[in-house]
Amino acid sequence: MTVLEQRGAYRPSPPPAWQPRMDPAPLLPDAEPYRVLGTEAAGKADPGLLRRLHAELVRGRRYNTQATALTKQGRLAVYPSSTGQEACEVAAALALEERDWLFPSYRDTLAVVARGVDPVEALTLLRGDWHTGYDPYAHRVAPLSTPLATQLPHAVGLAHAARLKGDDVVALAMVGDGGTSEGDFHEALNFAAVWQAPVVFLVQNNGFAISVPLAKQTAAPSLAHKAVGYGMPGRLVDGNDAAAVHEVLSDAVRHARAGGGPTLIEAVTYRIEAHTNADDATRYRGDTEVEAWRAHDPVELLERELTTRGLLDEDAIAAVRQDAETMAADLRERMNRDPELNPMDLFDHVYAETTAQLREQRALLRAELEAEQEQHGESGEPGAQEGGAR
Ligand SMILES: Cc1ncc(C[n+]2csc(CCOP(=O)(O)OP(=O)(O)O)c2C)c(N)n1
Ligand SMILES: [Mg+2]
Numbered sequence: 001m002t003v004l005e006q007r008g009a010y011r012p013s014p015p016p017a018w019q020p021r022m023d024p025a026p027l028l029p030d031a032e033p034y035r036v037l038g039t040e041a042a043g044k045a046d047p048g049l050l051r052r053l054h055a056e057l058v059r060g061r062r063y064n065t066q067a068t069a070l071t072k073q074g075r076l077a078v079y080p081s082s083t084g085q086e087a088c089e090v091a092a093a094l095a096l097e098e099r100d101w102l103f104p105s106y107r108d109t110l111a112v113v114a115r116g117v118d119p120v121e122a123l124t125l126l127r128g129d130w131h132t133g134y135d136p137y138a139h140r141v142a143p144l145s146t147p148l149a150t151q152l153p154h155a156v157g158l159a160h161a162a163r164l165k166g167d168d169v170v171a172l173a174m175v176g177d178g179g180t181s182e183g184d185f186h187e188a189l190n191f192a193a194v195w196q197a198p199v200v201f202l203v204q205n206n207g208f209a210i211s212v213p214l215a216k217q218t219a220a221p222s223l224a225h226k227a228v229g230y231g232m233p234g235r236l237v238d239g240n241d242a243a244a245v246h247e248v249l250s251d252a253v254r255h256a257r258a259g260g261g262p263t264l265i266e267a268v269t270y271r272i273e274a275h276t277n278a279d280d281a282t283r284y285r286g287d288t289e290v291e292a293w294r295a296h297d298p299v300e301l302l303e304r305e306l307t308t309r310g311l312l313d314e315d316a317i318a319a320v321r322q323d324a325e326t327m328a329a330d331l332r333e334r335m336n337r338d339p340e341l342n343p344m345d346l347f348d349h350v351y352a353e354t355t356a357q358l359r360e361q362r363a364l365l366r367a368e369l370e371a372e373q374e375q376h377g378e379s380g381e382p383g384a385q386e387g388g389a390r
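Going by UniProt numbering, the letters in the sequence shown line up with residues 1 to 390, in that order.
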């Protein structure tokens, strides 16, 4: 039986015999964002998992502040901070098994790092280098995707291929609220549902696509409702509640692994910082909204739960913060070293066989670099040379 035949043949029937192909009710998202922290469900959560989530949230927050500081020091070209969204980031990484794949967007460096990628390598692209910085296969993390939603069809393709090969792999694809308006979002969700691919879509609805608020992005009741039109379940979760996001994502990953097909999850959260360091958010939103969300901070929500339940004391919090400081100091120190760049790398890995135009451009650049080196090379002035470092 082919995958296309699995969900039953499509038999159009004329009215009045027409009925929906399936009952849409089970696909409908939660009536309100699912929460665990501050509810009875928190009592049933694994204390070890909650402490692990907390440690990762604190590290993630520190990573965000350090990376933002590096943009101000000219060491990082651009940083899309996920401050306020750390719960989604960390839960996404922790909900996956090692054999699974993560497909992040440019805002998801924390998920990438929590998955095991070196914190410096995770910033390579945002530093302005031409390559991803890390080996996608080493930790099964696709490159950070800057073109909106293009990572989604990639995730579906990988998940579908894995299933055809009989590999036990789930793909988790992350996208923003703005990304849901892209054609790639539609194509990915449609194929994923038709093929019943083992893929989970996590939409971080942080309220904005740069300056565009959600109300101008969509007229849908919620982004999670979009799932129903594709024939997959939609889930709505409080994106600042790390325990809730982890639970909902883990359920969806389990469901996909068991052959149940894809799920669309909308995590309701908020982008506390501007879009990136290059954006001024005060031009399009007021402080009141930001302050309201600060009061629903993912780190504080979890810390409060853990301390109230006696699962975390001041010493443990101090140790977690110290660990985050050590990570930040290492990030700072390594990002302050001049990277070794070779401009000639630009021409490698573009085509299997270099085109005539690229050969011509390569020769031009090489001549320019050699001329520059002749001028400055021996005097120790900055100059570039093939294979050289500066
Ligand atoms: C295909 C494409 N169109 C436009 C852009 C420019 N762009 C970069 S970020 C962004 C907003 C995306 O918002 P959202 O999906 O909500 O993600 P967030 O930045 O909030 O995480 C836009 C329009 C792009 N990167 N790719
Ligand atoms: Mg957004």
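Glycine included, C-beta positions come from ideal geometry on N, C-alpha and C.
Here the structure is a predicted model, which means the values were calculated and not measured.
Asked	Found
Any non-hydrogen atom of ligand 4 within 8 Å of residue 207 CB	Ligand 4 is not among the ligands present in this structure, which contains only ligand 1 and ligand 2.
C-beta contact flag for residue 242 and residue 102 at 9 Å	no
Heavy atom of ligand 2 within 8 Å of residue 285 beta-carbon	no
Alpha-carbon to alpha-carbon, residue 104 and residue 281	24 Å
Contact check, residue 37 vs residue 314, beta carbons under 9 Å	no
Cβ-based burial, residue 137 [other Cβ within 10 Å; buried from 16]	exposed
Proximity winner among 376, 82, 251 and 158, relative to residue 264 (alpha-carbon distances)	251
Limits of the unbroken alpha helix (DSSP H) element including residue 293	287-294
Beta-carbon proximity of residue 83 to residue 61, cut-off 9 Å	yes
Contacting residues, own chain, Cβ-Cβ under 8 Å from residue 380 (five flanking each side not counted)	The predicted position of residue 380 is uncertain, since its pLDDT is 46 and thus under 50; a value taken from the coordinates is nonetheless stated next. None.
Chain-order list of residues whose beta-carbon lies under 6 Å from that of residue 386 (same chain, five-residue window excluded)	Its pLDDT being 40, under 50, residue 386 is placed unreliably by the model, and the measurement read from it follows with that caveat. Contacts found: 344.
Three or more C-beta pairs below 8 Å linking the segment 109-128 and the segment 149-164	no
Neighbour-count burial assignment, residue 183, 16 or more Cβ in a 10 Å radius	exposed
Distance cut-off 8 Å: residue 153 Cβ against heavy atoms of ligand 1	no
Close-in-space but distant-in-sequence residues of the same chain around residue 130 (CB under 8 Å, 5 per side omitted)	345 and 346
Sufficient close CB pairs (3 or more, under 8 Å) joining the segment 178-192 to the segment 146-160	yes
Burial state of residue 59, where buried means 16 or more other Cβ atoms lie within 10 Å	buried
Exposed unless 16 or more other CB atoms sit within 10 angstroms - verdict on residue 145	buried
Cβ pair residue 308, residue 205 closer than 9 Å	no
Beta carbon of residue 198 nearer than 9 Å to that of residue 259	yes
C-alpha gap between residue 341 and residue 124, whole angstroms	12 Å
Residue 159 versus residue 167: straight-line alpha-carbon distance, rounded	9 Å
The segment 223-243 contacting the segment 22-36, beta-carbon criterion three pairs below 8 Å	yes
Residue 384, buried or exposed, once every other Cβ within 10 Å from all chains shown has been counted against 16	Residue confidence for residue 384 is low, a pLDDT of 42 falling below 50, so the modelled location carries little weight; the figure read from the coordinates is stated next. With 16 or more other Cβ atoms within 10 Å, it is buried.
As assigned by DSSP and simplified to three states, the class of residue 176	strand
Close-in-space but distant-in-sequence residues of the same chain around residue 77 (CB under 7 Å, 5 per side omitted)	126, 127 and 128
Secondary structure of residue 169, DSSP reduced to three states	coil
Whether residue 262 touches residue 232 by CB criterion (9 Å)	yes
Residue 230 in three-state terms, based on DSSP	helix
Among 74, 322 and 55, the one whose alpha carbon lies nearest that of residue 299	55
Separation of residue 330 from residue 388, as counted between CA atoms	Since pLDDT at residue 388 reaches only 35, below the 50 mark, its modelled position is unreliable, and no value is offered.
The segment 216-223 / the segment 169-181 touching (three or more Cβ pairs under 8 Å)	yes
Length of the line joining the Cα atoms of residue 395 and residue 17	Residue 395 is absent from the structure shown; the chain starts at 1 and stops at 390.
Span of the beta strand (DSSP E), counted from its first residue to its last, around residue 201	199-205
Residue 249 vs residue 122 beta-carbon contact at 9 Å	no
Proximity below 9 Å, CB of residue 336 to CB of residue 68	no
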